[in-house]
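K.L.:
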């Protein structure tokens, strides 16, 4: 020993020191590695959801573009060969347009024979028709022109407002002509025309109060809405919807009230293995409780109208629940709970108290079965009740569990309920005339608690505003 | 060495059995390293866990040329130092307060080193002394390297090591004398 230096002796003794670690050490390492894998999977899932959402929106808009083009082509075919202006005038007089449409046009005061339009206005209508007969078959162009002129008319003179009305008359007459020529597709065209009339009427309202009285305008609106609801066909195909919801999640102690721990002064931290003198007993008299935090849901649904009274929806989505819990001091240490049967992930835990707010984030994939019960709100607005039930599978969570024996909060994902059944209900209002968009308040309640461990009977209640967008075809193309 | 390379490749493919084998192969040795830097077995195991998680996450950075054991050991030592820096009870002592300064001696003690005693006395040293002594005397880092790792000057590392060495020798000689007295007494 003496022939070596002190450092050499120390190195010889200590350099190859070996000690056997506890079996649980590998469990913690394995769990951390496994969690990382899960996180990677979750990132891929988010990317997949985002890309499928983008693809859905892109498809939706692409389809709309194609529909407009198809419809224009079909309308062109429907009016070929283009009749002579004179014969058009004669046909319009001799053949009777659809009754509903005739009424609406008459009610709007937009026909040639209407009292609000002078004879000198009639001539330019026919002249304009002579110059460009294609214009009456191209609804898109007419609409565009009408809109532009209407905007100008709204701020300018009486003369301009007359031009606007003139354009509307051309538009309405052209629609009558299309319908006369294509009797087989009456219903589809009526729906399409109703929307255009409504659009034209709303613009006309803004232009002149001299031509349309407010009561006339109201009559048109009502009849349009009623016709739309009455004539909307029941789709026998599965309709695709995109669902988005944002709201708050609270933790409930069953249905009785918000989750909170009872006041207790008897808790101790007997199992503490670290802390280095930090007081783990601080603020034990506080009563921790859950507070709501922002939560989000996104999903995809297929929906089928089973009858006039009921529709069935099957949805698959992702939900991020967030809740806040008030906790005490954080202690950075590994710890074993309940006689070493469980341990804390991430090597930290919290004492009981109210020193800090801890944000719990839980990620779920959810599959739901929904029943929709449509009805008319105030006989005007399309609305529906939703009743749903489903299952949600936890993919990641940092939720805290409460350990009664040590009076501490800790995180161990393996102890949380992985599959949680839920029930939901909600109320939707249709946005727009075609009921392609719905918006309304919803409630979702998870039946199973966060964990079966004693003192963790916490159920999630997600209160949200849900938006539903249908990927259905806006206007069906007229087919021959 | 080829076995190690194959093991690393399997670990990189996230094979759980390979990961466990790598852990079994080096965990005992690495716990010995962690134990020398910390004050309790719990802290040592915590460092061991953090170190292995870091090792598995950064295994792709290991170039298959060098010794795997040395690479793992280096990561473990760095993890231990970072752990000590984060912990308040260790951090305070890394400040090298005057109360920890001890007289320096250059003499080579004539004592038989007992592993258990040496280990116990080493872990009785103030954390700053303990870390620098470990890094210099056991791991073989230079004072310049220690300075960089600890965020202190090279000269500080040198002087702290000298004081740690002196204190340890003083304690060892005292232990040795007591042992002699005990043996004479019997």
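Residue numbers (my numbering), protein chains in the order written: chain A, 1 to 480; chain B, 1001 to 1186. Glycine included, every Cβ here is placed at the ideal spot set by N, Cα and C. Note that the structure is predicted; figures quoted are calculated from it, not measured.
Our contact map puts residue 362 of chain A next to residue 393 of chain A with C-beta atoms below 8 angstroms; I'd like the distance itself, whole angstroms only.
P.N.:
At roughly 11 angstroms, the Cβ-Cβ gap does not stay under 8 angstroms, so residue 362 of chain A and residue 393 of chain A are not in contact.
K.L.:
List the endpoints of the continuous alpha helix (DSSP H) containing residue 1056 of chain B.
P.N.:
1041-1057
K.L.:
Count the C-beta pairs between the region 242-253 of chain A and the region 459-472 of chain A that are closer than 8 angstroms, then say yes if the count reaches three, no if not.
P.N.:
yes
K.L.:
Identify, in the order they occur along the chain, each residue of the same chain with its Cβ nearer than 7 angstroms to the Cβ of residue 259 of chain A, setting aside the five sequence neighbours on each side.
P.N.:
251, 252, 253, 289, 290, 458
K.L.:
Out of A/390, A/321, A/60, A/410, which one is the CA nearest neighbour of residue 327 of chain A?
P.N.:
A/410
K.L.:
Going along the chain, which residues of the region 1142-1171 of chain B sit with their C-beta nearer than 9 angstroms to a C-beta in chain A?
P.N.:
Sequence-ordered contacts of the region 1142-1171 of chain B with chain A read 1165, 1168, 1169 [C-beta pairs closer than 9 angstroms].
K.L.:
In chain B, which residues lie less than 7 angstroms from residue 11 of chain A when you measure between Cβ atoms?
P.N.:
1137, 1138
K.L.:
Between the alpha carbons of residue 1063 of chain B and residue 54 of chain A, how many angstroms are there, rounded?
P.N.:
For residue 1063 of chain B and residue 54 of chain A, the distance between alpha carbons rounds to 41 angstroms.
K.L.:
To the nearest angstrom, report how far apart residue 1038 of chain B and residue 1127 of chain B are at their CA atoms.
P.N.:
So the alpha carbons of these two residues sit roughly 8 angstroms apart.
K.L.:
Under a CB-based cut-off of 8 angstroms, is residue 437 of chain A close to chain B?
P.N.:
no
K.L.:
Taking C-beta to C-beta, are residue 1083 of chain B and residue 1047 of chain B nearer than 8 angstroms?
P.N.:
Yes. Within cutoff.
K.L.:
Around the C-beta of residue 1002 of chain B, are 16 or more other C-beta atoms found within 10 angstroms, so that it is buried, or is it exposed?
P.N.:
exposed
K.L.:
Determine, using beta carbons only, whether residue 1173 of chain B comes closer than 8 angstroms to chain A.
P.N.:
no
K.L.:
Kindly indicate which three-state DSSP category residue 416 of chain A falls into: helix, strand or coil?
P.N.:
Residue 416 of chain A falls in the coil class under three-state DSSP.
K.L.:
DSSP puts residue 41 of chain A in a beta bridge; with which residues?
P.N.:
Residue 41 of chain A is not bridged to any residue.
K.L.:
When you compare each of B/1054, B/1058, B/1066 to residue 1080 of chain B by their alpha carbons, which one comes out closest?
P.N.:
B/1054
K.L.:
Measure the CB-CB distance between residue 298 of chain A and residue 318 of chain A and report whether it falls below 8 angstroms.
P.N.:
Residue 298 of chain A places its beta carbon less than 8 angstroms from that of residue 318 of chain A.
K.L.:
Figure out for me which residue from B/1153, B/1156, B/1086, B/1134 has the closest Cα to the Cα of residue 13 of chain A.
P.N.:
B/1134
K.L.:
Given this structure, state the Cα-to-Cα distance separating residue 447 of chain A from residue 417 of chain A, to the nearest angstrom.
P.N.:
11 angstroms
K.L.:
Where does the unbroken beta strand (DSSP E) through residue 488 of chain A begin, and where does it stop?
P.N.:
For chain A, the structure presents residues 1 to 480; residue 488 of chain A sits outside this window and is missing.
K.L.:
Nearest by alpha-carbon distance to residue 333 of chain A: which of A/321, A/350, A/324 is it?
P.N.:
A/350
K.L.:
Thinking C-alpha only, which one of B/1040, B/1069, B/1141 is nearest residue 1052 of chain B?
P.N.:
Looking at the Cα atoms, B/1069 is the closest of the given residues.
K.L.:
For residue 942 of chain B, which of helix, strand or coil comes out of DSSP?
P.N.:
Nothing about residue 942 of chain B can be reported from this structure: the residues present for chain B run from 1001 to 1186 only.
K.L.:
Quick one: what does DSSP say residue 207 of chain A is sitting in, helix, strand or coil?
P.N.:
Interpretation of residue 207 of chain A is limited by its pLDDT of 43, a score under 50 that renders its predicted location unreliable; no figure is taken from the coordinates.
K.L.:
For residue 1074 of chain B and residue 315 of chain A, what's the separation of their Cα atoms in angstroms?
P.N.:
Their backbone Cα atoms lie some 51 angstroms apart in a straight line.
K.L.:
Examine chain A for any beta-carbon lying closer than 8 angstroms to the beta-carbon of residue 1013 of chain B, and answer yes or no.
P.N.:
Residue 1013 of chain B does not count as touching chain A.
K.L.:
In terms of DSSP beta bridges, what is residue 327 of chain A paired with?
P.N.:
A/356
K.L.:
What is the DSSP secondary structure of residue 395 of chain A, counted as helix, strand or coil?
P.N.:
strand
K.L.:
Rounded C-beta distance between residue 374 of chain A and residue 382 of chain A? I'm assuming under 8 angstroms.
P.N.:
Approximately 7 angstroms separates the beta-carbon atoms of residue 374 of chain A and residue 382 of chain A; this is inside 8 angstroms, confirming the contact.
K.L.:
Taking the alpha-carbon positions, what's the residue 1154 of chain B to residue 1168 of chain B distance?
P.N.:
21 angstroms
K.L.:
Just confirm the distance between the C-beta atoms of residue 29 of chain A and residue 1049 of chain B, as a whole number of angstroms; I'd bet it's less than 8 angstroms.
P.N.:
A Cβ-Cβ distance of about 5 angstroms is found for the pair residue 29 of chain A and residue 1049 of chain B, placing them in contact under the 8 angstroms criterion.
K.L.:
With a threshold of 8 angstroms between beta-carbons, can residue 356 of chain A be considered close to chain B, or not?
P.N.:
no
K.L.:
Mind listing the chain A neighbours of residue 1053 of chain B? Cutoff is C-beta to C-beta under 8 angstroms, in chain order.
P.N.:
Near residue 1053 of chain B (Cβ distances below 8 angstroms), the residues of chain A are 29, 32, 33.
K.L.:
Is there at least one Cβ from chain A nearer than 8 angstroms to residue 1036 of chain B's Cβ?
P.N.:
yes
K.L.:
Looking at chain B, is there any beta carbon in it that lies within less than 8 angstroms of the beta carbon of residue 330 of chain A?
P.N.:
Interface residue (Cβ-Cβ distance to chain B less than 8 angstroms): residue 330 of chain A is not classified as such.
K.L.:
Below 8 angstroms on the Cβ atoms is my guess for residue 386 of chain A versus residue 402 of chain A; work out the distance and round it to an integer in Å.
P.N.:
About 34 angstroms separates the CB atoms of residue 386 of chain A and residue 402 of chain A; that is not less than 8 angstroms, and the two are not in contact.
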